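Peer 1:
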Amino acid sequence: MADVRYFISKMAEGWSVRFDDKHYPYSTHSEAVFAAVKAATNATAQGYEAEVLVQGVDGKWRTEWPIG
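Structure, rendered in structure tokens:
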């Protein structure tokens, strides 16, 4: 299991990355994924296992970027 997880989900007005019970809004899915992967990469460089998950239209979470 990852030490650090970033959750990307669709919001009414764009996309959100949730980390540490805070939501960070983005206009597009691509922007949200890029930001979350960048943050996860930085966390991995600091010695943490990180994972980026995206919520599908079916409500299920899938891994977009693996645990490092």
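Letter 38 of the sequence shown, counting from 1, is numbered 116 in my numbering, and no numbers are missing.
Note that the Cβ used here is the ideal one computed from N, Cα and C, for glycine as well.
All figures in this text were calculated on a predicted structure; none of them were measured in a lab.
(1) For the alpha helix (DSSP H) holding E127, just list the boundary residues, first then last.
(2) Taking all protein chains shown into account, decide if V132 is buried (16 or more other Cβ within 10 angstroms of its Cβ) or exposed.
(3) Would you kindly report the start and end of the unbroken beta strand (DSSP E) that includes E142?
(4) Taking only the alpha-carbon atoms, compute the straight-line gap between R83 and Q124 and give it to the nearest angstrom.
(5) Considering only C-alpha positions, which residue in the set V130, T106, K116 and H101 is nearest to D81?
Peer 2: With the structure as the only source:
(1) Your numbering for residue 127 matches position 49 in the sequence shown. It is not in any alpha helix (DSSP H) - E127 carries neither H nor E in the DSSP assignment.
(2) Within the sequence shown, numbered from 1, the residue matching residue 132 stands at position 54. By the beta-carbon neighbour count (other beta carbons within 10 angstroms, threshold 16), V132 is buried.
(3) By 1-based counting over the sequence shown, the position of residue 142 is 64. First-last of the beta strand (DSSP E) with E142: W139 to W143.
(4) Working through the sequence shown from its first residue, we reach residue 83 at position 5. Working through the sequence shown from its first residue, we reach residue 124 at position 46. Taking the straight line from one Cα to the other gives about 14 Å.
(5) In the sequence shown, counting from the first residue as 1, residue 81 sits at position 3. The shortest C-alpha to C-alpha distance from D81 to any of V130, T106, K116 and H101 is the one to V130.
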